[in-house]
Ligand SMILES: [Zn+2]
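Residue numbers (the numbering used here): 826 to 1291.
Below is the structure:
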């Protein structure tokens, strides 16, 4: 029997049933059968003369019957007929184009026209337009989330393309927010993309996040994780969380009403340097595709108010064994931010909270550690200047490529191997090198702490990023 999807405004006349089955081989016969079973519905669909009212649009699957045979349009047992009345409220109504675009949503009872309108009115912000933010924002845009915020201040790099599917090769060198906005708008012009090209900070986080309904946390560092968490708790905004490393992924939903937060899971960050970032440790390119898509799914469920979200659960993925595990997660009554007696009632200094030395923290945005640009380093090598080049990457990275004559001491081993660094009055200048600039800045800070003052770090094209 064909199914008829009844929109929310008409459900009072079908005993609140969202889906009604009726007999009939044409749209006209079907709707007459429907209004025979539910006579109160008749005046809403038909005029006194018995013609279908002009402010009611009817679709068979995703086609408007006005483009088919109107009331004589045939319907088969597997077809879905949608009644789409015009609803006051201007932008609240779905256009014919939107009805076509979202037809696979509209025929799901849990979404339907009402759910699609909720998505259209929803505002979601993605923290980071990288590995996680790429699939999350693409799916949220495709799903019809009306306002999509993107917070990022980075530039597209060749090494991003292995997983950051928002960007194409031609985007390398472009500002991420600009490239992302272009891609998302071309995917779905109905979506308003709002770009925030700035590092999220204690100074701006509340102001940026307050305008959104759901936050998707795709950050790549601990200070931003804690900042996003605390801002979400303080603002009462749900946080669809995801994180990735090599083959392991995590996802959850934090800061829902009565639910746990990131600090309930991890009250304190690991000491700096203990947990490598993806830039340092690597990540399987497809992994953020899985986790970011889970974050988008949770955001959509939060907007629609359907199903069970990951609030109160931590989802763990091991992509090597392809096993998902779900752990229970409880709100900690002693949590400093979401607990019964919170001690964190305003945003704090998250660099300091994460134990990142001020010099290194500053190096992430402004150069506070002495630097030498890569082209200047190359000239110095060509001139045979007296240099000692220290590479603080991992042995595997060193194998892939290295500066000839450089010495490998991975950052983690550096404190124990200080004796290997040339020291003294006639020691050569030391240039510390890594891949992104983050580890070399830490290494230089460490060397200077130990009294080795003649160390500089190499930087790419004058730009440093951790
Ligand atoms: Zn908490």
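Glycine included, every Cβ here is placed at the ideal spot set by N, Cα and C. Since the structure is predicted, the reported quantities are computational estimates derived from the model, not experimental observations.
Reference residue 1067; option with closest CA among 1042, 1086 and 829: 1042
If you run the structure through DSSP and keep just helix, strand and coil, what is residue 936? coil
Three or more C-beta pairs closer than 8 Å, one from the region 1200-1219 and one from the region 1254-1267: is that the case here? yes
With distances taken from each beta carbon to the nearest heavy atom of ligand 1, which residues come in below 5 Å, in chain order? 1086, 1088, 1089, 1160 and 1163
Taking the straight line between their C-alpha atoms, what separation do you get for residue 1272 and residue 1024? Distance between the alpha carbons of residue 1272 and residue 1024: 28 Å.
Among 1074, 1076 and 1081, which residue has its Cα nearest to the Cα of residue 1057? 1081
Roughly how many angstroms lie between the CA atoms of residue 1106 and residue 1094, to the nearest whole one? 18 Å
Using the Cα positions of residue 838 and residue 1092, report the straight-line distance between them to the nearest angstrom. 52 Å
Extract the residue ranges of the beta strand (DSSP E) inside the region 1211-1278, only unbroken runs of 3 or more that lie entirely within it. 1212-1216 and 1254-1258
With a floor of 3 residues, list each beta strand (DSSP E) that falls wholly inside the region 855-888, ordered by position along the chain. 881-885
If you drop the 5 nearest sequence neighbours on each side, which residues of the same chain put their C-beta closer than 7 Å to that of residue 1079? Answer for residue 1079: 1054, 1057, 1064, 1066, 1085, 1086 and 1087, listed in chain order.
Whether or not the region 973-988 and the region 940-955 are in contact is what I'm after, with contact meaning three or more pairs of Cβ atoms, one per stretch, closer than 8 Å; do they touch? yes
Would you call the region 1132-1140 and the region 1153-1160 in contact, with 3 or more CB pairs under 8 Å? yes
Same chain, Cβ closer than 6 Å to residue 961, neighbours up to 5 away in sequence not counted: 951, 1041, 1117, 1120 and 1121
Enumerate in chain order the residues of its own chain whose CB-to-CB distance from residue 878 is below 7 Å, with the five nearest sequence positions on each side excluded. 870, 871 and 872
Answer yes or no: do residue 987 and residue 1114 have a C-beta to C-beta separation smaller than 7 Å? no
Quick one: what's got a C-beta closer than 8 Å to residue 1275's C-beta in the same chain, skipping five residues either side? 1243
What residue range does the alpha helix (DSSP H) around residue 1122 cover? Its alpha helix (DSSP H) spans residues 1112-1129.
In terms of DSSP beta bridges, what is residue 949 paired with? Within the DSSP bridge table, the entry for residue 949 names 973 and 1039 as partners.
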